[in-house]
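Here the structure comes first, spelled out in structure tokens, and everything after it is commentary.
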Amino acid sequence: MQRILFHIGDFPIYSYGVMISLAVLIIAIFMSRESSRWEIHPDHTLEAIIFAVIGGLLGSRILYVLLNWEHYRENWKDIFFARFEGLTFYGAFLGGLLAVLLWCRWRKVSFFKFTDMAAPYMILGYAFGRIGCFLNGCCYGRISHLPWAVVLPEVDDLPRHPVQLYAVIGSIIIFIILKWLQRYRFFHGFQLLALCALYGMLRFTTEFFREEPVIWMGLTLAQIVSLGLAIVSLSLMLYIFSLAPARSGSSLRK
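By the working numbering, the letter at position 111 of the sequence shown is numbered 100, and the numbering carries on one by one without gaps.
Laid out in structure tokens, this is it:
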């Protein structure tokens, strides 16, 4: 755990912000190189990434504020934040998708084609974000006495599940699966639905090891949302496959 990586003069450089910035940079490099294969101009891809980052940050912050409204309605000045603190993944995901949707309508680019290209890199960005969480000491796990349990000094002196790293490992596995599935064109939007289903299952699982309050039947709010996301995504995939069994049975290669 190292919340502050270094200083530039008196200005601290925070690890979480560095990891998010690094994620955006790596995603921009790889997606711009790959975009021509998807018949999308590289400059347009970089433009869409800028829209997605802005929409993701706004959506992430807005959802966090809404979920913690009891605090912010009495401390409204705290709504305006710095250092990438007080963010939520689901807010970033929805805000980023909405921004990309609006960009696609403006540029007359297929939204589902773009998300099919971007889906693996979305989960890769999530992996970088969770590394940032681990370095920052946030989103920490429950108390554990397993050999790989870690102590986060800014939280307490108790060993805990490195749940952030569990999420990183799971995200890398999902990235590999999605990249492998990109060899096939099942239908437009398949990658986005696959991402939602796989991420939903990953988040549902990792939440069992995370220090979060349960709200219903031993489940956290994130688990309920994640389970719903996975079920809806898988149901939509099965429904679309059922409409075109011949095509789904003999998927088209790129």
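All C-beta atoms in this analysis are idealised placements derived from N, C-alpha and C, irrespective of residue type, glycine included.
CB of residue i within 8 Å of CB of residue j, strictly
i: E196; j: G130; result: no
i: L47; j: G84; result: yes
i: I120; j: M8; result: yes
i: V139; j: D146; result: no
i: P202; j: T209; result: yes
i: S160; j: L113; result: yes
Rounded straight-line distance, which links the Cα of residue j to that of residue i
i: F164; j: R149; result: 26 Å
i: E63; j: G45; result: 25 Å
i: R242; j: L167; result: Residue confidence for R242 is low, a pLDDT of 44 falling below 50, so the modelled location carries little weight; the figure read from the coordinates is stated next. So the alpha carbons of these two residues sit roughly 14 Å apart.
i: E23; j: F123; result: 30 Å
i: L170; j: F179; result: 9 Å
i: A186; j: T34; result: 25 Å
i: L256; j: L216; result: Residue 256 cannot be examined here, being either before or after the span of the chain that is shown, -10 to 243.
i: M206; j: L218; result: 18 Å
i: L52; j: G126; result: 21 Å
i: S239; j: S99; result: With a pLDDT of 44 at S239, under the threshold of 50, the predicted position of this residue should be treated as unreliable, though the coordinate-derived value follows. Using only the alpha carbons, I get a separation of about 23 Å.
Opening and closing residue of the beta strand (DSSP E) in which residue i lies
i: I(-3); result: I(-7) to I(-3)
i: I2; result: F0 to Y3
Residue i - containing alpha helix (DSSP H), residue span
i: I51; result: P31 to L56
i: I161; result: V152 to L170
i: V214; result: L210 to L232
Buried versus exposed, by CB contacts within 10 Å (16 or more), residue i
i: A108; result: buried
i: I220; result: exposed
i: Q(-9); result: exposed
i: R94; result: exposed
i: D105; result: buried
i: G80; result: buried
i: S49; result: buried
i: Y173; result: exposed
Cβ distance (whole Å) where residue i is taken to contact residue j below 8 Å
i: A41; j: V89; result: 5 Å
i: F101; j: I29; result: The Cβ separation is near 12 Å, so there is no contact.
i: L191; j: A233; result: Wrong, their Cβ atoms sit about 28 Å apart, outside the cutoff.
i: I16; j: I38; result: 7 Å
Residue i Cβ short of 7 Å to the ligand PLP heavy atom set
i: L181; result: Of the ligands one can find in the structure shown there are none, so the ligand PLP has no counterpart to examine.
Residue-chain proximity (residue i, chain D), Cβ-Cβ < 8 Å
i: F197; result: Among the chains of the structure shown, chain D does not appear; only one protein chain is present.
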